[in-house]
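Notes to accompany the following structure.
Numbering (this note's numbering), first residue to last: 269 to 689.
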């Protein structure tokens, strides 16, 4: 969708995705059975890809370079607020009116957004000529990333040696390299591999991927900790997670103003370091089974770190990207980020449940370990320390990559200045 937007125009692709999402929301609420609902959700996911692949690209094209960090900060803050409100509103609608209204609620909102988008989004001509669709590249990417998704989504329930995991990861091992080879020879490649020759860009992409791997599962792990280790009910666990989301909103919205004058790669390094500090605090807090205060402090640091890192990292990735490649580059960023989220979650749950006996691992996901006695809770705490400790080490690598990206950017700027002279 990101690549097609570069050809068709981002405004057109965005509005097509928005209208499709709205219509399918109406149909989801009318679905007669689960099979139809799942089929409609697949279509809705494609429509959502049209929106996500273009939204950051549209923001990047609309803001001048000097204000891009602030624009993307507000953009990410909106995501954080939506993540805060969405489950609450959805839960209230499902409880009061039934699950169908979770989808029907989208219809009037989608109509209003379509009208607003039609009136305000600028008509930008397409940046590239249509040279056909890279069918082989799309197919190789589908099989490669699809294999990763299938394999890692089965790890927590089936283990690393199960057949679905082996098949999925086997597909990934074969088709991800095939995708790279196909893209090098394609006439109209899905992905412009030339972008990776630019070291600041490549290092920023790697920093984002590593940060996502380290931080993606924190909310799930913390929510399960409150239930499984401390005996909280789901509502209490959800309320105890609010400080993380609130800190993320504040950092995303105001980080651009606080760090005015600083390079986005420097800001990204500060954000990654703050997240690493939060993981270290969670490592010690969960290990000592301390009260809510220290854990809350760790979650707040994670929220501030994520809210600071994400807008700055996106700015670092997109700021030097040619306008004709903004859509596909942002789509690449999202694809890598989502894949890293999945890898990080699978890794975290594997580490979390490793100290527990096979027969009681299901109790972690049910949130009932606290009812099995102090020995089971002690093993669970060992798992949390193993998970948070490993995630802190990985997160520190995101700091290193962000600083390396800054150094590479400075060297690149000096070289350009020398060439100009």
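C-beta: ideal position from N, C-alpha, C; glycine also. Bear in mind the structure is a predicted one, so any value in this text is a computation, not a measurement.
What number of angstroms, rounded off, separates the C-alpha of residue i from the C-alpha of residue j?
| i | j | result |
| --- | --- | --- |
| residue 499 | residue 680 | 54 Å |
| residue 611 | residue 481 | 6 Å |
| residue 385 | residue 322 | 13 Å |
| residue 522 | residue 582 | 16 Å |
| residue 444 | residue 438 | 10 Å |
| residue 296 | residue 382 | 19 Å |
| residue 401 | residue 455 | 9 Å |
| residue 577 | residue 541 | 9 Å |
| residue 553 | residue 562 | 6 Å |
| residue 537 | residue 590 | 24 Å |
| residue 345 | residue 685 | 35 Å |
| residue 646 | residue 637 | 10 Å |
| residue 566 | residue 512 | 9 Å |
| residue 448 | residue 390 | 34 Å |
| residue 642 | residue 496 | 12 Å |
| residue 293 | residue 360 | 18 Å |
| residue 278 | residue 315 | 13 Å |
| residue 682 | residue 529 | 19 Å |
| residue 431 | residue 535 | 43 Å |
| residue 467 | residue 357 | 43 Å |
| residue 464 | residue 473 | 9 Å |
Return yes when the Cβ of residue j is within less than 9 Å of the Cβ of residue i, no when it is not.
| i | j | result |
| --- | --- | --- |
| residue 593 | residue 274 | yes |
| residue 319 | residue 328 | no |
| residue 488 | residue 639 | no |
| residue 494 | residue 657 | no |
| residue 655 | residue 616 | yes |
| residue 596 | residue 338 | no |
| residue 379 | residue 470 | no |
Quick check on the DSSP output: the alpha helix (DSSP H) that includes residue i runs from which residue to which?
| i | result |
| --- | --- |
| residue 615 | 594-621 |
| residue 589 | Here residue 589 belongs to no alpha helix (DSSP H), and DSSP marks it neither H nor E. |
| residue 384 | 374-388 |
| residue 422 | Note, residue 422: premise wrong, no alpha helix (DSSP H); not H, not E. |
| residue 647 | 642-688 |
| residue 494 | 486-496 |
| residue 274 | 270-276 |
| residue 317 | 302-330 |
| residue 630 | 630-634 |
| residue 535 | 532-555 |
Three or more C-beta pairs closer than 8 Å, one from the segment 568-577 and one from the segment 514-521: is that the case here?
yes
Assess, as a yes-or-no matter, whether the segment 552-570 is touched by the segment 664-674 under the definition of 3 or more beta carbon pairs within less than 8 Å.
no
Count Cβ pairs between the segment 654-668 and the segment 446-463 that sit closer than 8 Å; are there 3 or more?
Judged by Cβ distances under 8 Å, the segment 654-668 makes no contact with the segment 446-463, as fewer than three pairs qualify.
For the segment 427-469, list the alpha helix (DSSP H) runs that are entirely contained and at least 4 residues long, ordered along the chain.
431-453
For the structure I just gave you, are there three or more beta carbon pairs, one from the segment 369-378 and one from the segment 534-551, closer than 8 Å?
Too few Cβ pairs lie closer than 8 Å, so no.
So does the segment 618-627 actually touch the segment 637-652, counting three or more Cβ pairs closer than 8 Å?
yes
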